[in-house]
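To start, the structure itself, in structure tokens.
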Amino acid sequence: MPVHSRECGGFTLIEVLVTLWLLSFGALATALLQMQALKATHAAYQRSLASVFAADVAERLWFGLATGSPDDAWLADWQHERSCAEATGHVCLPGLQVELENQGNRWAITVSWNESRLHEPDARAELDYVVDVLPESQP
5 MPVHSRECGG FTLIEVLVTL WLLSFGALAT ALLQMQALKA THAAYQRSLA SVFAADVAER
65 LWFGLATGSP DDAWLADWQH ERSCAEATGH VCLPGLQVEL ENQGNRWAIT VSWNESRLHE
125 PDARAELDYV VDVLPESQP
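Below is the structure:
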């Protein structure tokens, strides 16, 4: 004689649907976390490039000071080459702008760029870099 009891029933459709909902919610949360990680990684990469570019500008200023011509005539061409205006395969920052400000024995270098990938369309990021030039090292 077969025995039918509620204890031998197995999973109900409601339990399966709740489990699927929880799994899909977890997968969506994981995808959102991955997207945030990509944004942070890309922002860190661009900030690292900006830091390298600012150090390059500082070295060019030091060279100009050492040769007695601390001008920034080279800056426009330098900036154009690193601004992603041309697809030449080199490392660049989109919408790169570099500003130099002489403050006596100190040069302030401001590097700004478009950070529109994975962010708001008109977002800009900025990095400030300061170089102290000691008076005894000036020509």
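Throughout the sequence shown, residue numbering follows our numbering, covering 5 to 143 in sequence. A virtual CB, placed ideally from N, CA and C, is assigned to each residue, including glycine.
For residue i, the nearest candidate out of the options (CA to CA)
| i | options | result |
| --- | --- | --- |
| R51 | F67, D136, D132 | D132 |
| W117 | T23, A47, S28 | A47 |
| C96 | W25, V102, D75, L53 | L53 |
| Q101 | D75, A129, H94 | A129 |
| V137 | N106, C88, S55, M39 | N106 |
| E103 | P125, L42, S120, V134 | V134 |
| R110 | Y49, L26, L65 | L65 |
| G108 | L69, M39, Q40 | L69 |
| V61 | D76, Y49, L26, T71 | D76 |
| E119 | K43, L37, W25 | K43 |
First and last residue of the uninterrupted alpha helix (DSSP H) at residue i
| i | result |
| --- | --- |
| Q83 | 79 to 85 |
Strand pairing of residue i, partner residues [DSSP]
| i | result |
| --- | --- |
| V102 | V115 |
| R110 | D136 |
| R64 | Looking at the DSSP assignment, R64 forms no beta bridge with any residue, so it has no partner. |
| L131 | V115 |
Test item: CB-CB of residue i and residue j under 9 angstroms
| i | j | result |
| --- | --- | --- |
| V115 | F67 | no |
| G72 | C88 | no |
Note to self: Extract the residue ranges of the alpha helix (DSSP H) inside the stretch 29 to 58, only unbroken runs of 4 or more that lie entirely within it.
What the structure shows: none
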